[in-house]
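S.K.: First, the structure itself, so that you have it in front of you.
2 protein chains.
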Amino acid sequence: MGVCEGKTFKFSNAAITSFAAVAGKVESKGPYGDEFDEIVEDNKGGADTWEQAEAMLQTKALRHAMDKTPLTTEKMDLIFAGDLLNQCTGSSYGLKDFYIPFLGIYGACSTFAEALLLSASMVNAGYVENCAAVTSSHFSSAERQFRFPLNYGGVRTPTAQWTATAAGAAIVTSEPEPPFIRAATVGKIQDMGINDLNNMGAAMAGAAYDTLSRHFKHTGTHPEDYDLIITGDLGQVGSDLLYDLFKRDGVALEKWHKDCGLMLYDRESQDVHAGGSGCGCSAAMMCGHFLKRVKNGELKRILYAATGALMSPTMVQQGGSIPGICHVVSVESA
Amino acid sequence: MGVCEGKTFKFSNAAITSFAAVAGKVESKGPYGDEFDEIVEDNKGGADTWEQAEAMLQTKALRHAMDKTPLTTEKMDLIFAGDLLNQCTGSSYGLKDFYIPFLGIYGACSTFAEALLLSASMVNAGYVENCAAVTSSHFSSAERQFRFPLNYGGVRTPTAQWTATAAGAAIVTSEPEPPFIRAATVGKIQDMGINDLNNMGAAMAGAAYDTLSRHFKHTGTHPEDYDLIITGDLGQVGSDLLYDLFKRDGVALEKWHKDCGLMLYDRESQDVHAGGSGCGCSAAMMCGHFLKRVKNGELKRILYAATGALMSPTMVQQGGSIPGICHVVSVESA
Chain A
1 MGVCEGKTFK FSNAAITSFA AVAGKVESKG PYGDEFDEIV EDNKGGADTW
51 EQAEAMLQTK ALRHAMDKTP LTTEKMDLIF AGDLLNQCTG SSYGLKDFYI
101 PFLGIYGACS TFAEALLLSA SMVNAGYVEN CAAVTSSHFS SAERQFRFPL
151 NYGGVRTPTA QWTATAAGAA IVTSEPEPPF IRAATVGKIQ DMGINDLNNM
201 GAAMAGAAYD TLSRHFKHTG THPEDYDLII TGDLGQVGSD LLYDLFKRDG
251 VALEKWHKDC GLMLYDRESQ DVHAGGSGCG CSAAMMCGHF LKRVKNGELK
301 RILYAATGAL MSPTMVQQGG SIPGICHVVS VESA
Chain B
335 MGVCEGKTFK FSNAAITSFA AVAGKVESKG PYGDEFDEIV EDNKGGADTW
385 EQAEAMLQTK ALRHAMDKTP LTTEKMDLIF AGDLLNQCTG SSYGLKDFYI
435 PFLGIYGACS TFAEALLLSA SMVNAGYVEN CAAVTSSHFS SAERQFRFPL
485 NYGGVRTPTA QWTATAAGAA IVTSEPEPPF IRAATVGKIQ DMGINDLNNM
535 GAAMAGAAYD TLSRHFKHTG THPEDYDLII TGDLGQVGSD LLYDLFKRDG
585 VALEKWHKDC GLMLYDRESQ DVHAGGSGCG CSAAMMCGHF LKRVKNGELK
635 RILYAATGAL MSPTMVQQGG SIPGICHVVS VESA
């Protein structure tokens, strides 16, 4: 049986016209804390629960992104959104009051890349004019749902990552101003047999290698053709594994590589172990930091490879492993 | 503030080339039991757990759909899939071994319509050639996750619906043979303030009314232009509400309306209360029953309006309501 190659989609008519990031207090103390559009100082941000607070992060992120444009809700055609909460309620509760057509997606921490690539696909094909990509995560709601309630006080392992309290929103249109989404490759689910809920990076590294390799092959490009190759939240463990995988092909990926999970926090002074994670981690780094640099031309061409661990506590309790996935989006200034 | 209308997508180049349905034992005793491609007699179908059994339903549905075509996995370009399990593991575990590019979606019981409309969008625009839409649900895994463990023996209310143990898979291509997907309208999240986990139909009726109304308006069609208007799983309570909503516009929708939740089981002899539900319910009715009748020309034009209750036990426990959504797809024989 041959290998399924999939397709790399090319876009001539998809731009990220507006973008915004909202983050929590811990994230505001990190190296990029002053790049976010709004900091929610309190873990609940005035909401009654962590889940409602996460939904509010999405509301705020999309509101900020729309406020930078003349677009009102009635001019918006579509939203792609998802998050880590069961039934993706960060998205449905956070975005329902915009009353904009809504397609829910789930890709764990790869969700923002999935939202961008679907938004670009729909705008570039002319189905819609103005399409939003939104995602979020929240440390407290994620720890409770996926690992232990916070007041249990469990000790975190060295491989554990810190789920970011953050959200990002981008509005994709056919406006002729950068950043442009020029190409995208959809990931395949990769199961490396990892079943440690505290070692997400290892579960995702193989998926990042597979999709990046196919993207390079389909587009005839190489790592040196990009200013940066940005993974979502492999963290230290997953990044090291990714370098090992590319080294077998004679590629020193570390020369171009940045990982949002390793950037969001100051790992010296902030106790985040192997780095940040969560849908909101790379969404906030993209919308708070990187897209600005593509917009102003400081970065000409970046590959955004958002990784997701399709991790289910139920499946892991039943002895299952944690499959990973990674979607790749090429963002360019011309 | 004006109302966001969204867009209705038109397709000239998207056909459902193959489709298959797999169902459980209870579903096999219903009026359409002999129309499914495979019946899984045991609730676990040989798997160790209900969740693994649900994943297996998706594996089987896609395998059956592919077996009706010359397509091998390496010729498949993309899968859109989702289900009701937390982290959508019915899809990720059920489809990972196909090793086909995968985009996870979440629309609760509207998922199969979301998968069809996204598949049609991607094929019609030429991004991919062969795209699969897959979804599933499982009575036992859903009851445990959303309501009570089965051995708790809770009494079900008259408004409760029965989550179908079933899966459906469709392969969308540009082949010039019917059934064709000709148009689709994306739903907006509608919150009717319902907070009863056992009254999903009421939570979804408003969403069905909104998306169907916009679809009629955008396409210049009326209910009488269709052979059937098929909702996903409004059940008896939701269907009656939908008729009331259309009655205000002078439309007697009941003349054209069928609800998959009211068809899948024999409500006289099977104790399913307000009808069936679950992503697999309308997917199995579409792939087992309706698409065959469009393919052979018995039905010329049907509207498939799959409804989803974006219901989260966590949010309901926190006092939240259950928002609904509905996506509409027009399936035609010419």
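Going down the list, the sequences are from chains A and B. Numbering-wise, the working numbering puts 145 at position 145 of the first sequence, and it's gapless, one number per residue. Here the working numbering = 1-based position in the second sequence + 334. Ideal Cβ positions, reconstructed from N, Cα and C, are used throughout, including at glycine.
Would you mind working out which of B:659, B:632, B:456, B:646 sits nearest residue 667 of chain B, comparing C-alpha positions?
M.R.: Considering only alpha carbons, the answer is B:632.
S.K.: Considering residue 540 of chain B, what are the terminal residues of the alpha helix (DSSP H) in which it resides?
M.R.: It spans 534–553 - the alpha helix (DSSP H) in which residue 540 of chain B sits, taken as one unbroken run.
S.K.: Quick one: list the residues of chain A neighbouring residue 376 of chain B, beta-carbon separation under 7 Å, in chain order.
M.R.: Correct list: empty, because the minimum Cβ distance to chain A is about 17 Å.
S.K.: In the segment 216–298 of chain A, which residue ranges form an unbroken beta strand (DSSP E) of at least 3 residues, counting only runs that do not cross its ends?
M.R.: Counting only runs of 3 or more, we get 228–231, 257–259.
S.K.: Report all residues from its chain with a CB closer than 8 Å to the CB of residue 510 of chain B; omit the five preceding and five following residues, and keep chain order.
M.R.: These residues qualify, in order along the chain: 349.
S.K.: Residue 414 of chain B lies in the beta strand (DSSP E); which residues open and close that run?
M.R.: Its beta strand (DSSP E) spans residues 412–417.
S.K.: Hey, how far is the Cα of residue 1 of chain A from the Cα of residue 302 of chain A?
M.R.: Low per-residue confidence applies at residue 1 of chain A: pLDDT is 49, beneath 50, and the placement is therefore not dependable, though the value from the model is reported in the following sentence. About 34 Å.
S.K.: I'd like to know if residue 326 of chain A contacts chain B, where contact means its C-beta is closer than 8 Å to some C-beta of that chain.
M.R.: Answer no: the Cβ-Cβ gap between residue 326 of chain A and chain B never drops below 8 Å.
S.K.: For residue 125 of chain A, would you say it is in contact with chain B, using Cβ-to-Cβ distances shorter than 8 Å as the test?
M.R.: Interface residue, yes.
S.K.: Taking Cβ-Cβ distances shorter than 8 Å, what residues in chain A pair up with residue 520 of chain B?
M.R.: Result: 78, 101, 102, 103.
S.K.: What is the DSSP secondary structure of residue 321 of chain B, reduced to helix, strand or coil?
M.R.: With chain B running from 335 to 668 in the structure shown, residue 321 of chain B is simply not present.
S.K.: What do you reckon, are the CB atoms on residue 535 of chain B and residue 571 of chain B nearer than 8 Å?
M.R.: Cβ distance < 8 Å, so residue 535 of chain B and residue 571 of chain B count as in contact.
S.K.: Does any residue of chain A bring its CB to less than 8 Å from the CB of residue 567 of chain B?
M.R.: It does not: the Cβ of residue 567 of chain B has no partner Cβ on chain A nearer than 8 Å.
S.K.: On the DSSP bridge assignment, give the partners of residue 637 of chain B in chain order.
M.R.: The partner list for residue 637 of chain B (beta bridge, DSSP) reads B:563, B:664.
S.K.: Can residue 562 of chain B and residue 590 of chain B be called in contact, C-beta distance under 8 Å?
M.R.: It is a contact, given that the beta carbons lie within the stated cut-off.
S.K.: Which residues in the same chain have their Cβ closer than 7 Å to the Cβ of residue 295 of chain A, if we skip the five residues on either side of it in sequence?
M.R.: Counting only Cβ-Cβ distances below 7 Å, and skipping sequence neighbours, we find 178, 179.
S.K.: Which complete beta strand (DSSP E) runs does the segment 88–150 of chain A hold, if anything under 3 residues is left out?
M.R.: Counting only runs of 3 or more, we get 102–104, 131–137.
S.K.: Under 7 Å between beta-carbons, which chain B residues line up against residue 272 of chain A? List them in chain order, please.
M.R.: Correct list: empty, because the minimum Cβ distance to chain B is about 23 Å.
S.K.: Compare the C-beta of residue 420 of chain B against all C-beta atoms of chain A and say whether one is closer than 8 Å.
M.R.: So, interface residue.
S.K.: So with Cβ pairs under 8 Å, would you call residue 657 of chain B a contact of chain A?
M.R.: Yes, because at least one Cβ of chain A sits closer than 8 Å to the Cβ of residue 657 of chain B.
S.K.: Mapping DSSP to helix, strand and coil, what is residue 524 of chain B?
M.R.: Looking at residue 524 of chain B - three-state DSSP - the assignment turns out to be strand.
S.K.: With 16 other CB atoms within 10 Å as the buried threshold, where does residue 671 of chain B fall?
M.R.: The requested residue 671 of chain B does not occur in the structure, where chain B is confined to residues 335 to 668.
S.K.: Are the segment 121–139 of chain A and the segment 162–173 of chain A touching by the rule of at least three beta carbon pairs closer than 8 Å?
M.R.: These segments touch.
S.K.: Name the DSSP beta bridge partners of residue 50 of chain A, please?
M.R.: Answer is none; residue 50 of chain A lacks a bridge partner.
S.K.: So residue 265 of chain A and residue 30 of chain A are supposed to be a Cβ contact under 8 Å. How far apart are they, rounded?
M.R.: Correct: roughly 5 Å between the Cβ atoms.
S.K.: Can you tell me which residues form a DSSP beta bridge with residue 325 of chain A?
M.R.: Answer is A:308, bridged to residue 325 of chain A.
S.K.: How far does the beta strand (DSSP E) with residue 372 of chain B in it reach, from first residue to last?
M.R.: Here the beta strand (DSSP E) through residue 372 of chain B covers 372–374.
S.K.: I think residue 144 of chain A touches residue 197 of chain A, with their Cβ atoms under 8 Å apart; what is that distance to the nearest whole Å?
M.R.: Their Cβ separation, rounded to whole angstroms, is 13 Å, which puts residue 144 of chain A and residue 197 of chain A out of contact at 8 Å.
S.K.: Suppose you measure from the CA of residue 627 of chain B to the CA of residue 18 of chain A; what does that come to, to the nearest Å?
M.R.: Approximately 46 Å, taken between the alpha carbons.
S.K.: Strictly below 8 Å CB to CB, what residues from chain C border residue 318 of chain A?
M.R.: You won't find chain C in this structure, because its protein chains are A and B.
S.K.: Beta-carbon separation of residue 566 of chain B and residue 595 of chain B under 8 Å?
M.R.: Cβ atoms of residue 566 of chain B and residue 595 of chain B: closer than 8 Å.
S.K.: Are there 16 or more other CB atoms within 10 angstroms of the CB of residue 152 of chain A, so buried, or fewer, so exposed?
M.R.: Classification for residue 152 of chain A: exposed.
S.K.: Could you tell me whether the Cβ of residue 204 of chain A comes closer than 8 Å to any Cβ of chain B?
M.R.: It does not: the Cβ of residue 204 of chain A has no partner Cβ on chain B nearer than 8 Å.
S.K.: I'd like the span of the alpha helix (DSSP H) that includes residue 22 of chain A, first residue to last.
M.R.: That residue, residue 22 of chain A, is in no alpha helix (DSSP H); its beta strand (DSSP E) goes 15–24.
S.K.: Could you give the residue range of the beta strand (DSSP E) that holds residue 168 of chain A?
M.R.: Looking at the DSSP string, the run of the beta strand (DSSP E) that includes residue 168 of chain A is 166–173.
S.K.: Output yes if chain B places a C-beta closer than 8 Å to the C-beta of residue 189 of chain A; else output no.
M.R.: Answer yes: the Cβ-Cβ gap between residue 189 of chain A and chain B drops below 8 Å somewhere.
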